[in-house]
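Single-structure report; data block below.
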Ligand SMILES: [Fe+2]
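Next comes the structure, spelled out in structure tokens:
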């Protein structure tokens with residue numbers, strides 16, 4: 061023991077002056093103007109995610125004053141809000157190597173149980189978070205489904221509205237948790253929200269800063285504190301229209317794509333309460349009521365998008381969005397599911413869609429499954445041959461709300477075999493950020509006319525999708541906020557629609 065002490069003292073004696081100064085370098089972040097002082101050092105709040113029946117991930121971020129510090133953080137989880145009965149507690153340490161984020165996978169919990177949790181570090185206690193483990197035998201389940209939150213386009217009011225709903229079991233985030241652009245490249249800076257850092261994010265430092273900024277939005281702060289989240293990335297967590305080997309918004313002068321992807325991935329795992337494994341795709345079981353299969357349609361195996369149906373690779377039989385390994389895994393998950401509802405956490409639209417009325421230059425969206433026709437055909441055949449019923453795709457990316465009876469073939473009688481529900485954006489632009497409401501409504505009506513399997517479309521509002529499941533039926537409600545241009549607003553229900561177990565058509 062003595063010799064260890066001597067070594068430690070010796071080490072300090074021989075530490076040079078400049079190293080000493082470096083050791084106590086003040087930790088400053090460009091996002092510090094957005095900090096709320098009374099939350100110090102837990103400015104970024106608390107969050108939980110990837111709940112299972114017996115475990116959940118708890119998350120926070122500590123912001124120390126000394127950038128070289130190793131910070132000891134104690135966590136506690138309890139069934140009571142005043143922590144009178146602590147179920148588990150322990151300590152972990154964090155440092156600059158993981159951007160001072162903290163992630164704990166708390167195990168041996170009870171199913172369907174509400175828990176309260178908090179952290180202590182640097183002599184301060186964090187806010188108290190609330191979370192819930194998944195149920196084993198639920199009678200019903202309520203999912204709040206979100207995607208596409210862009211800082212410059214607006215305040216994350218839909219997140220805040222979900223935080224006020226105590227009956228939500230889990231928030232499902234289908235991607236575009238952040239956007240990669242520099243100031244004014246994609247957004248409405250007239251409302252005074254400017255990206256940090258100013259430039260497009262490329263390095264690990266950049267991605268970390270952007271997450272830091274987003275987590276300082278009140279809506280994201282509140283939803284993270286109140287509900288567990290199951291998240292999956294889409295393209296903007298890396299760069300626009302990303303695929304395994306590149307991205308539309310990654311140019312050669314921005315460096316090696318593999319390096320950028322690794323930076324984006326590391327920051328994502330640091331800042332999102334997610335269980336880390338080799339594959340991002342994964343399944344969550346809600347007993348006999350539902351299985352939720354979360355797909356990775358970006359990095360697992362996606363080949364580059366084509367930009368024309370005349371591209372010779374377009375109809376190639378081996379063309380893939382999911383990659384061979386994930387495709388086979390997906391088939392086995394579908395086939396082996398014993399649950400009534402098979403919910404597919406999907407990033408881009410699955411259903412065949414003529415998008416000509418919305419995007420006259422682009423009647424086919426090549427970034428969606430329509431851009432990978434052979435793979436979609438194989439999936440449809442698999443679902444039909446195996447008589448897989450009660451399949452609901454939940455989808456993000458479109459910045460608009462859609463209810464679709466997923467067709468086998470749009471060219472003939474479309475005869476649906478599944479349901480697809482598309483959630484709108486939290487704040488990213490849709491139709492009426494560019495055109496007057498009446499023009500957008502006319503385009504929506506045209507879309508429904510040329511796509512008879514499309515039963516509802518709203519390309520004007522921002523909000524979220526509430527999906528309530530029981531053994532008998534699935535109910536989808538699209539909730540919209542009045543505005544994302546102001547930090548405070550109201551909400552209203554835009555549409556409610558139901559599908560009964562065994563049916564592939566919405567109730568009239
Ligand atoms: Fe998006």
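In my numbering, the protein residues as written are 61 to 568. All C-beta atoms, glycine included, are put in the ideal place defined by N, C-alpha and C. Please read these numbers as outputs of a predicted model, since none were measured by experiment.
Can you list, in chain order, the residues of its chain whose CB lies under 6 Å from that of residue i, leaving out five sequence neighbours each side?
i, result
"residue 286", "190 and 223"
"residue 174", "192"
"residue 251", "545"
"residue 217", "279, 541, 544 and 549"
"residue 188", "176 and 178"
"residue 391", "442"
"residue 254", "243"
"residue 404", "353 and 453"
"residue 491", "500, 519 and 520"
"residue 339", "none"
Taking 7 Å as the cut-off, is the CB of residue i close to at least one heavy atom of ligand 1?
i, result
"residue 485", "yes"
"residue 488", "yes"
"residue 580", "For the chain, the structure presents residues 61 to 568; residue 580 sits outside this window and is missing."
"residue 427", "no"
"residue 236", "yes"
"residue 296", "yes"
Counting only the same chain and skipping the five closest in sequence on each side, list residues whose C-beta sits under 8 Å from that of residue i.
i, result
"residue 315", "262"
"residue 365", "301, 303, 308, 426, 427 and 431"
"residue 532", "560 and 561"
"residue 167", "114 and 115"
Taking the DSSP output, what are the residues bridged to residue i?
i, result
"residue 306", "303"
"residue 503", "The partner list for residue 503 (beta bridge, DSSP) is empty, contrary to what the question assumes."
"residue 108", "118 and 288"
"residue 463", "481 and 516"
"residue 553", "539"
"residue 136", "149 and 178"
"residue 476", "467"
"residue 18", "Nothing about residue 18 can be reported from this structure: the residues present for the chain run from 61 to 568 only."
"residue 560", "533"
"residue 508", "DSSP lists no partner for residue 508."
"residue 190", "176"
Identify, in the order they occur along the chain, each residue of the same chain with its Cβ nearer than 7 Å to the Cβ of residue i, setting aside the five sequence neighbours on each side.
i, result
"residue 267", "261, 323, 324 and 327"
"residue 308", "300 and 301"
"residue 529", "200, 201, 349, 350 and 401"
"residue 90", "256, 257 and 269"
"residue 310", "299, 317 and 320"
* Take every Cβ of the stretch 447-455, pair it with every Cβ of the stretch 373-386, and state whether three or more of those distances are shorter than 8 Å. => no
* alpha helix (DSSP H) segments (min. 4 residues) lying fully within the stretch 315-398 -> Counting only runs of 4 or more, we get 317-331 and 384-396.
* Asked: Three or more beta-carbon pairs under 8 Å between the stretch 202-214 and the stretch 238-256, yes or no?
  -> yes
* Asked: Going along the chain, which unbroken runs of the beta strand (DSSP E) with 3 or more residues stay wholly within the stretch 197-248?
  -> 200-206 and 230-233
* Does the stretch 379-387 come close enough to the stretch 425-445 that 3 or more CB-CB pairs lie under 8 Å? -> yes
* Touch test, the stretch 360-369 against the stretch 135-149, Cβ-Cβ under 8 Å, three pairs minimum -> Because the criterion of three Cβ pairs below 8 Å is not met, the stretch 360-369 and the stretch 135-149 do not touch.
* To do: Report yes or no: do the stretch 538-553 and the stretch 517-524 share at least 3 C-beta pairs separated by less than 8 Å?
  => yes
* **Stretch pair the stretch 104-123 + the stretch 197-205: three plus CB contacts closer than 8 Å** => no
* Asked: Would you call the stretch 340-350 and the stretch 463-477 in contact, with 3 or more CB pairs under 8 Å?
  -> no
* Pairing CB atoms from the stretch 414-422 with CB atoms from the stretch 504-518, are three or more of them under 8 Å? -> yes
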